[in-house]
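So the sequences go chain by chain: V and B.
Start counting the first sequence at 1; every next residue gets the next number (this note's numbering).
Start counting the second sequence at 1; every next residue gets the next number (this note's numbering).
The beta-carbon is built from N, C-alpha and C at its ideal position, and this holds for glycine as well.
There are 2 protein chains.
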Amino acid sequence: MSANPTRLIGTGAKPARHRAILALVRGGVIRTQEDLVAELHRKRFPVTQATVSRDIRELGLLRVHDDAGPRYMAPVAELDVEQTMQRLRNAMREHVQGIEFVDLFGIVHTAPGCAPLVGGALDGSRFEEVAGTIAGDDTVLVIARSRPAAQRLLLRLNSMSEEEA
Amino acid sequence: MSANPTRLIGTGAKPARHRAILALVRGGVIRTQEDLVAELHRKRFPVTQATVSRDIRELGLLRVHDDAGPRYMAPVAELDVEQTMQRLRNAMREHVQGIEFVDLFGIVHTAPGCAPLVGGALDGSRFEEVAGTIAGDDTVLVIARSRPAAQRLLLRLNSMSEEEA
DNA sequence: GTCCTCCTTGCATACTTATGCATTGAGAGC
DNA sequence: GCTCTCAATGCATAAGTATGCAAGGAGGAC
Chain V
1 MSANPTRLIG TGAKPARHRA ILALVRGGVI RTQEDLVAEL HRKRFPVTQA TVSRDIRELG
61 LLRVHDDAGP RYMAPVAELD VEQTMQRLRN AMREHVQGIE FVDLFGIVHT APGCAPLVGG
121 ALDGSRFEEV AGTIAGDDTV LVIARSRPAA QRLLLRLNSM SEEEA
Chain B
1 MSANPTRLIG TGAKPARHRA ILALVRGGVI RTQEDLVAEL HRKRFPVTQA TVSRDIRELG
61 LLRVHDDAGP RYMAPVAELD VEQTMQRLRN AMREHVQGIE FVDLFGIVHT APGCAPLVGG
121 ALDGSRFEEV AGTIAGDDTV LVIARSRPAA QRLLLRLNSM SEEEA
């Protein structure tokens, strides 16, 4: 932000403002749109809450809660469910050599060195059924939350590793 | 306020309701708290918007925007900054054997097979300085956004891999 | 049993966010 | 130059969310 014209109103203000909003949201704690309006004013973007509301939608910002209340966050790739599931499907299809379940424990065999990748994809997909995963070098241990969960998981994972792209 | 281990709560409705809310939010499109109130009524949880508002905070639900407006989503682990940073610290301390930077490129040497894990943790922490990472088997390439960013990163990562638990 | 404490909830309302409508200014086409 | 169109925006307000307070209920201690 070195080249900083005195007035940012009018032409081209919106993209710059969007960048500023992302930086603000990533950098500090923005709890309300009024916070954002205030910070933007300090950076000479004379906008109102209405505009900020629209910006927030356009940027896809998230509202989350921490101990002290609501707050805005920059978007996170992992939120895209489709993308996450696609990643898991790819990981399963390409690296998984076999799955078996023993009680609550799923043993997923992968190509050497691929277990962390597969485990990560499993974690990322946040299945209700999965309590957690542990990845070694070529094996991922998946701990299911219950026996029915384990059964469902086995079916789901099997169908995934068999699916075509 | 003392140690109360397995205190049964009220009518016991709250935990069940929380599970129902998570399922609703994961399963369908919940755009407002009133939507949630309506769905919960259908499932015989006679609650009001005020309670749902509190539940949403307790569950850490996210509010996001899609094309059709705001909507609630189930929480995603990567959003927990503390947890994510802890994960990165652990990964750095346990698996990283050395870091060096060449211009914008950081080369992180890890134990064999651990690079994806470390790279994932780095991605997850969403440092402003990091444009992206590529993980091989025992090496992670970290691409910084600028030379100053690269310097800051080197310092941060080094201090992390040296920290005690 | 009584008393006490803590948790949960609804109600009313304060606070925050979203949006319909009107205005403005930039750029395109003439 | 003029006029048209359209994105961007503010204003006012509707829509949605959060919260202080008080009530009700369960469990523990006695």
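Residues of chain V with a Cβ closer than 7 angstroms to the Cβ of B/ASP137 are, in chain order, GLY113. Exclusion of the five residues before and after B/GLY98 leaves HIS109 as the residues of its chain whose Cβ lies within less than 7 angstroms of its Cβ.
Excluding five sequence positions before and after V/ALA115, the CB atoms of its chain that fall closer than 7 angstroms to its own CB belong to ALA135, GLY136, ASP137, ASP138, THR139, VAL140, given in chain order. Per DSSP, the beta-bridge partners of B/THR133 are B/VAL142. If you ignore the 5 residues before and after B/GLU129, its C-beta comes within less than 7 angstroms of the C-beta of ALA144, ARG145, ALA149, ARG152, LEU153, all in its own chain and listed in chain order. In the same chain as B/PRO75, and ignoring 5 residues on each side of it, the C-beta atoms closer than 8 angstroms to its own belong to LEU59, GLY60, LEU61, LEU62, in chain order.
Rounded to whole angstroms, the separation of the alpha carbons of B/PRO112 and B/THR133 is 17 angstroms.
Minimum Cα-Cα distance from B/VAL96 among the listed residues B/VAL118, B/SER53, B/ARG57, B/VAL37 corresponds to B/VAL118.
Within the region 40 to 68 of chain V, those residues whose Cβ lies closer than 7 angstroms to any Cβ of chain B are, in chain order, ARG57, GLY60, LEU62, ARG63, VAL64, HIS65.
Of B/ARG17, B/ARG71, B/MET73, the smallest CA-CA separation from B/HIS41 is found for B/ARG17. From the beta-carbon of B/GLU128, the residues of chain V found nearer than 9 angstroms are ALA23, ARG26, GLY27. At least one C-beta of chain V is nearer than 9 angstroms to the C-beta of B/LEU117. V/GLU100 sits in a strand when the DSSP states are folded into three classes.
For B/GLY98, none of the residues of chain V pass the 7 angstroms Cβ criterion, the least Cβ distance being about 19 angstroms. For V/PRO112, there is no enclosing alpha helix (DSSP H), as DSSP marks it with neither H nor E. Membership of V/LEU62 in any alpha helix (DSSP H) is not indicated; the residue belongs instead to the beta strand (DSSP E) covering 62 to 66.
Between B/LEU36 and B/LEU22, the beta carbon gap of about 11 angstroms keeps them out of contact (Cβ cut-off 8 angstroms).
A distance below 6 angstroms between beta-carbons, with the five flanking residues on each side excluded, links V/ALA20 to the following residues of its chain, in chain order: LYS43. Not one beta carbon of chain V lies nearer than 9 angstroms to the beta carbon of B/GLY132. Residues of chain B whose Cβ lies closer than 7 angstroms to the Cβ of V/GLY106 do not exist, since the nearest Cβ in that chain is about 19 angstroms away. Rounded to whole angstroms, the Cβ separation of V/ARG26 and V/ARG71 is 12 angstroms, and the two are not in contact under 8 angstroms.
Contact of B/PRO70 with chain V is assigned, a C-beta pair being separated by under 9 angstroms. Between B/VAL102 and the set B/ARG147, B/ALA13, B/GLY124, the nearest pair of CA atoms involves B/ARG147. The Cβ neighbour count for V/LEU155, taken over all protein chains shown within 10 Å, is under 16; the residue is labelled exposed. Between the alpha carbons of V/LYS14 and V/LEU157 lies a gap of roughly 45 angstroms. Taking a C-beta distance under 9 angstroms as the contact criterion, V/GLU39 and V/GLN49 do not qualify as a contact pair. Runs of the alpha helix (DSSP H) lying entirely within the region 16 to 78 of chain V and spanning at least 4 residues, in chain order: 33 to 42, 49 to 59. Exclusion of the five residues before and after V/PHE127 leaves LEU153, ARG156 as the residues of its chain whose Cβ lies within less than 8 angstroms of its Cβ.
Distances from the CA of B/VAL142 to each of B/ILE107, B/GLY124, B/SER125 were compared; the closest alpha carbon is that of B/ILE107. For B/ALA131, the CB contacts under 7 angstroms within the same chain, skipping 5 residues up- and downstream, are ILE143, ALA144, ARG145 in chain order. Sequence-distant partners of V/VAL29 (beyond 5 residues in either direction) whose C-beta falls short of 7 angstroms from its own C-beta, in its chain, are ARG71.
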